[in-house]
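Keeping their order, the protein sequence lines are chains A, B and C.
Here the first sequence is numbered in numbering that gives the first Met the number 0, starting from 0 and rising by one per residue.
Here the second sequence is numbered in numbering that gives the first Met the number 0, starting from 0 and rising by one per residue.
Here the third sequence is numbered in numbering that gives the first Met the number 0, starting from 0 and rising by one per residue.
C-beta atoms are modelled at their ideal positions from N, C-alpha and C, and glycine is treated no differently.
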Amino acid sequence: MGNCHDCFYGGPKNTNVRLSLPVVCFVWEIAMIVLFGIFVRYDEETDAHWSEFKIKHNISSNIENDFYYRYPSFQDVHVMIFVGFGFLMTFLKRYSFGGVGFNFLIAAFGLQWALLMQGWFHSLDHETGKILIGVENIINADFCCAGTLIAYGAILGKVSPVQLLVVTLFGVTLYAVEEFIILSVLHCRDAGGSMVIHAFGGYYGLAISWILYRPNLHRSSRLHGSVYHSDVFAMIGTLFLWMFWPSFNSAIANHGDGQHRAAINTYLSLAACVLTAVAISSMSQKTGKLDMVHIQNATLAGGVAMGTSAEFMISPYGSLIVGFFCGIISTCGFIVVTPFLEKYLKIQDTCGIHNLHAVPGMLGGFIGAIVAATATESVYGKQGLIDTLGLTGNFAGRSPGTQGGYQAAGTCVAIVFGLVGGAIVGLILKLPIWGDAADDNCFDDEVYWEVPEEEESIPPVLEYNNHMTHKNQDLCESNFSVEQI
Amino acid sequence: MGNCHDCFYGGPKNTNVRLSLPVVCFVWEIAMIVLFGIFVRYDEETDAHWSEFKIKHNISSNIENDFYYRYPSFQDVHVMIFVGFGFLMTFLKRYSFGGVGFNFLIAAFGLQWALLMQGWFHSLDHETGKILIGVENIINADFCCAGTLIAYGAILGKVSPVQLLVVTLFGVTLYAVEEFIILSVLHCRDAGGSMVIHAFGGYYGLAISWILYRPNLHRSSRLHGSVYHSDVFAMIGTLFLWMFWPSFNSAIANHGDGQHRAAINTYLSLAACVLTAVAISSMSQKTGKLDMVHIQNATLAGGVAMGTSAEFMISPYGSLIVGFFCGIISTCGFIVVTPFLEKYLKIQDTCGIHNLHAVPGMLGGFIGAIVAATATESVYGKQGLIDTLGLTGNFAGRSPGTQGGYQAAGTCVAIVFGLVGGAIVGLILKLPIWGDAADDNCFDDEVYWEVPEEEESIPPVLEYNNHMTHKNQDLCESNFSVEQI
Amino acid sequence: MGNCHDCFYGGPKNTNVRLSLPVVCFVWEIAMIVLFGIFVRYDEETDAHWSEFKIKHNISSNIENDFYYRYPSFQDVHVMIFVGFGFLMTFLKRYSFGGVGFNFLIAAFGLQWALLMQGWFHSLDHETGKILIGVENIINADFCCAGTLIAYGAILGKVSPVQLLVVTLFGVTLYAVEEFIILSVLHCRDAGGSMVIHAFGGYYGLAISWILYRPNLHRSSRLHGSVYHSDVFAMIGTLFLWMFWPSFNSAIANHGDGQHRAAINTYLSLAACVLTAVAISSMSQKTGKLDMVHIQNATLAGGVAMGTSAEFMISPYGSLIVGFFCGIISTCGFIVVTPFLEKYLKIQDTCGIHNLHAVPGMLGGFIGAIVAATATESVYGKQGLIDTLGLTGNFAGRSPGTQGGYQAAGTCVAIVFGLVGGAIVGLILKLPIWGDAADDNCFDDEVYWEVPEEEESIPPVLEYNNHMTHKNQDLCESNFSVEQI
């Protein structure tokens, strides 16, 4: 079978990842073990000394352990990262293995590096020099991976797994730095990461894709689309992202009303977004038919855009308004902007992350700035305003208006980090050592995966097909192995 | 390809939803924003004033926020609504997009209207005239959508998305009214909604389907069945419903033992139900083979039937008995009653909701009545009885026996609302303005979705198929585009 | 169609489960109802007397009910049992119904028996003679089923559902006994069940498969493999197992830091495991391509091996080391050991449970022994050491070193129970009364399921296929029904 198959696809496809992929994985994992050995320890709520800590800090019950506040949300976020992002990328007819499999690989790779990078910036115990980790850290590590997985959406099908590991290594590093600047230096609030995750990740991916532009990508056009069941698989990803987005935006919000409000605002925004995405999708086709690409993606824009303001008092109708406009903007992006980007700006964006992450993330950042700037004590209460905007310590005197300005500045920082970082990483990926596929083998799992043969998937009908296949063998000059039939 | 395709399916299929679907979505969503702006605000546990509320009400910890009692259950319910119901309806060979996609649309549409309708009846702050929402409201909104999604099961593949939005609009409205009568006026207990969700939703859908009877539906019989992988997709829906049903029945039960007991009773009932559903399915076939329709549906009847009594002291073996009989009744319904309904009562019930929701829901209502009527202080404890049956305030003097009578009456109210409401909505849907598919285009995603072409899904084999296709082109007088091959 | 189909598959396939399967299901379920009626009641936290219990025991809040500590983890475990194990076994091209469907049946069957068996050993109220159940019991019941579902992996596709019910009946019984010996008599710690679940279940399945060796299994080799989309379905199982494994290992760990630490250790181990599994998979192929079998299975070995030590202070880098080596060992197992076992030891292990459960489980047991033996008060704190190793009551004086010895002994007990128990159960399954499939019908859903016909799954292309099919009918001497086309 192999011979025949190759004749259709233009010869051997050995991309030589056999050496580079294992080497990178092993070297990396060993480095992680060493660095974790030096730096990473359990925090007080995770350590077996917790029973003493409880007594010392007069904590009355085990249920006050942060685990019980955040672990259910963590699991939802975890599902979004691995099943949500993973299955959303199975929509291509012959790149489902790569979509879900490489997503799995790079998220598992990225979260370890994220624990270290974010730990050095945020969770370092300055007395001992150790990074102390607990449930909030693993949520943040998952968030950090999300930035890179978004970028993967733009280059899906066009890069090798080794390149993806490089994208992840730099993506996590850049993320940790921009997050430090935005959250710690500028002291922005961004519980659900409109800025630090989506705007950064979106522009990071677009910049990489711009540098890696393939003028002859049309040679893979036979594989650049979905089939019926691959679209249904992608809906698994869409729905798990959509359903668990309230957990995403509330996972690291303040205990109590903060988490509660973030979940409800996101729930509402996402619901509104579905209706306008459907409306625009139907309007865009001559016959009013819906396009699965829009349903799979644009319905999620409402969650992205609520990332910053979900924990604010944006009010229920405010959430609906955000979802309303983001559904429209995102769907129009798929219809108008993605083809424009490809044609005029030479940006090939496989999953349309421009419309789902980059633009809604940027909008979410600015919406958050406006909502923060207009916050008042009458709406939030005196303590509520301080808690929600985090105006304590060095930032105790900052007014809501000033906070809004900093939020807007933070959004710009995220975009700049994405664009500049992505361009640099793109140039690194241009080096001819990474084993990426040829232009006519993009979007093809055969390049990096052992793909099962299909002849016998549907026994009775295929018996006929095989009979016919024999008759037509001369067309292919192949030497079919039929002994298993 | 289009030309050829049309010649198989009898000409153009423009159902003119291009105007009506976007208009309905936009008008509706704008109405929602206006109404939310006028009416909907955060409740005390969601508002930023929570820190003051805590002090005023002497609440010691953020973990006492209702969010932590109910949010994990909410997320499970959310998965049931969107992935559970959605994927359960992907079983048809060419209506998987419609199954999961329209389910997504109408649930997102319905939950907003449900927040308003249920809010006016249940959560209105009479001082300010505002609806105050929190996590319990969004669980209830999801529940309310479930009623309509059940009805969708009966008419799956036979109605347009615009009709579905009408079904949802009226379904949510009817639901809110019958729920008010059953829970507030009659003061029934129905934590998992055997009555208010399943009996109502089931009979609502059956009545609609009865009015919309299509005598020539057999013209779509080529599409009225599953294929191998569509049945596997449907199992995703089945399993997420089955697994999370304990959360469904316990989500809004009383804090503490109420939620705990509801989850365990449902867990047991569902387990028993699987065994009897399998047994009857095997017995019903000459060769003892199992039928996927039964496994996908009848295994869930035990959860439906425990909706009312899950929070009662039905005892573990009582739960098993409920599951035991519901598995039998539901499977027999699929084998005997569904064909009978179609042949003699002219009710075409695509998913068999009669057997999964209508009958088990009704039974669940009456089981709840019996269990409530036989409740005693020795079994529940004095306070336990009051809490579990909700015999406080105006209802403090009601005896368990009387409560049982009201529970039975509540079940009848739900059924009457379903049947009468469904008949009226069915008549509205008969108006020739909704863009429903012709009899020979039912169960076909091509009518409302851009469906990907399939020729190249399996490259090597398909090359042969394409060769053969060329030879046979004259059969179709088509003009295949082959340039991308 | 039936006639034609049979001619390919060698005549009728009635395996006579039509009598045995329903009889076993009914008899069993009735027995369960009787036994539950005699023995099973709600525990204090599930019973309506909880409000009195709270006052008596000075419990300040409903949130202290064990439900809120464990229910989110229970739901994650529940997903692993039904979707995780179920979908992991859908990878075969024509045994997806059997994979997910029989998994569903036997888990629902097993959990009821597990509640009784484990209840008699662990939760018996000696005053009343009743088993008192709550959320921890249903988690343990799910765990107990996991042992049998692992065994199912070895015999997937080769046994009848009746045989599976026998495997489950004995598997749950053996599990309860070995669990009692390991946890209660030897007083081992095994929160995530490396020993009691994975080592036991793995060797139990291998022993059964060894006894049931089929020398002519190659006759089914046409069905012994995956197709493209069945591999994607299997990834659903893999990912839900992988994502929720932190909940699995922490579900019944100690409240507070115990659950917290177990989750984080498992999270880290699994992440490391993915990288080394990918590395070895790529190295094992001439062209560096990845093998889906490894990605679907070996990536999970890190969770299995952390089952015992997840709640210990193994430290974050210790967790990474465990994952690192288990990913290597498991992948090498798939490449080297599984073929060896089949060729030389006559063990046909369909899913490779040797590499995913038996060996990592055994390793996990010994790793736990080492970690326990090296525990010190300085690392755990005085109270932390007592709590984590459970050195209270009769075991208060036991040193960590001694505890380590007992842990190692416990691992051996689990393996012996698996091997001996499996061999005995295998012999019982050899009786010619169970309706198992012939050697040439293994891995074929047609034997036990009504499988939908496939001809029309893809309308336009299939029209051509049907035309061609007609031409070729003589090849089959069939009488195709074409009236529905």
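According to DSSP, residues forming a beta bridge with Ile132/C | Its beta-bridge partners are Tyr41/C.
What does a CB cutoff of less than 6 Å around Arg93/C pick up in its chain, not counting 5 residues either side in sequence?
-> Leu222, Asp443 and Asp444
Could you check where the alpha helix (DSSP H) with Ser159/A kicks off and where it finishes?
-> No alpha helix (DSSP H) holds Ser159/A; DSSP gives it neither H nor E.
Going by C-alpha distance, which of Asp65/C, Gly156/C and Asn15/C is nearest His254/B?
-> Asp65/C
Contacting positions in the stretch 222 to 242 of chain C - beta carbon closer than 9 Å to chain A = Here the close residues are Leu222, Gly224, Ser225, Val226, Tyr227, His228, Ser229, Asp230, Val231, Phe232, Met234, Ile235, Thr237, Leu238, Phe239, Trp241 and Met242.
Distance, Met361/A Cα to Ile414/A Cα | 8 Å
CB-CB under 6 Å to Arg397/A, same chain, minus the five flanking residues each way: which ones, in chain order?
-> Around Arg397/A: Leu390.
For the alpha helix (DSSP H) holding Gly421/A, just list the boundary residues, first then last.
-> Pro399 to Leu428
Interface flag, Asp439/A vs chain B, CB-CB below 7 Å = Interface flag for Asp439/A against chain B is unset, since no Cβ pair is found closer than 7 Å.
Tell me, please, whether the CB atom of Ala304/C is closer than 7 Å to any CB atom in chain A?
-> no
Residues bridged to Leu123/C by DSSP?
-> Ile130/C
Between Pro71/C and Thr265/B, what straight-line distance do the alpha-carbon atoms span, to the nearest angstrom?
-> 16 Å
Best match in Thr147/B, Ala374/B, Phe96/B and Phe38/B for proximity to Gly118/B [C-alpha to C-alpha] = Phe38/B
For Val336/C, which residues of its own chain have a beta-carbon under 7 Å away from its beta-carbon, when the five flanking residues on both sides are left out?
-> His353 and Asn354
Reference Ile105/C, options Thr167/C, Lys157/C, Ala140/C and His77/C, closest by Cα = Checked all of Thr167/C, Lys157/C, Ala140/C and His77/C; the closest Cα to Ile105/C is Thr167/C.
Among Asn296/C, Val134/C, Ala261/C and Leu18/C, the one whose alpha carbon lies nearest that of Ile149/C | Asn296/C
Among His356/C, Glu63/C, Leu319/C and Thr330/C, the one whose alpha carbon lies nearest that of Ala145/C | The residue with the shortest Cα to Cα distance from Ala145/C is His356/C.
Beta carbon of Val303/B nearer than 7 Å to that of Gly363/B | yes
Alpha-carbon spacing of Ser318/B relative to Gly351/A, whole angstroms | 49 Å
Which partner residues does Ala448/B have in the DSSP bridge list?
-> According to the sequence provided, residue 448/B is Trp. The question's Ala does not apply to it. For Trp448/B, which the question treats as bridged, DSSP gives the partners Leu289/A.
Please name the residue, chosen from Phe142/B, Arg218/B, Glu28/B and Ala374/B, that lies closest to Ser268/A on a Cα-to-Cα basis.
-> Glu28/B
Straight-line Cα distance separating Gly85/B from Pro160/C | 29 Å
Tyr70/B: first and last residue of the uninterrupted alpha helix (DSSP H) it sits in | Asp65 to Val78
Under the criterion of a Cβ to heavy atom distance below 6 Å, does Met31/B qualify as lining the ligand MG?
-> Questions concerning the ligand MG fall outside what the structure shown contains, since it holds no ligand whatsoever.
Could you check if His217/B is buried or exposed, using at least 16 other CB atoms within 10 Å of its CB as the buried criterion?
-> Exposed, by the Cβ-count rule.
Assign Tyr212/C to one of three DSSP states: helix, strand, or coil.
-> coil
Helix, strand or coil at Val231/B according to DSSP, with G and I counted as helix = helix
Taking 8 Å as the threshold, find out whether the stretch 53 to 62 of chain B comes into contact with the stretch 116 to 133 of chain B through three or more Cβ pairs.
-> no
His466/B: buried (16+ other C-beta within 10 angstroms of its C-beta) or exposed?
-> Residue placement at His466/B is flagged as unreliable, the pLDDT there being 40, under the threshold of 50; the coordinate-derived value follows with that caveat. Exposed is the call here.
Closer than 8 Å by C-beta to Arg213/A: which residues in its own chain qualify, once you throw out the five before and the five after it? Chain order, please.
-> Lys157, Gln347, Asp438 and Cys441
Taking the C-alpha atoms as reference points, what is the distance between Ala233/B and Ile235/C?
-> 14 Å
Helix, strand or coil for Gly380/B per DSSP?
-> coil
Assuming Phe497/B contacts Ile137/B (C-beta within less than 8 Å), just tell me the rounded distance between them.
-> The question about residue 497/B has no answer, for chain B in this structure spans 0 to 484.
Just by C-beta distance, which residues in the stretch 126 to 157 of chain B are closer than 8 Å to chain A?
-> Ile132, Gly133, Val134 and Ile137
When you compare only the Cα positions, how much space is there between Thr514/C and Ile132/C?
-> Given that chain C is displayed from residue 0 to residue 484, the structure contains no residue 514/C and the question cannot be resolved.
Quick one: using the 10 Å Cβ neighbour count with 16 as the cut-off for buried, is Glu454/C buried or exposed?
-> Low per-residue confidence applies at Glu454/C: pLDDT is 47, beneath 50, and the placement is therefore not dependable enough to give any value.
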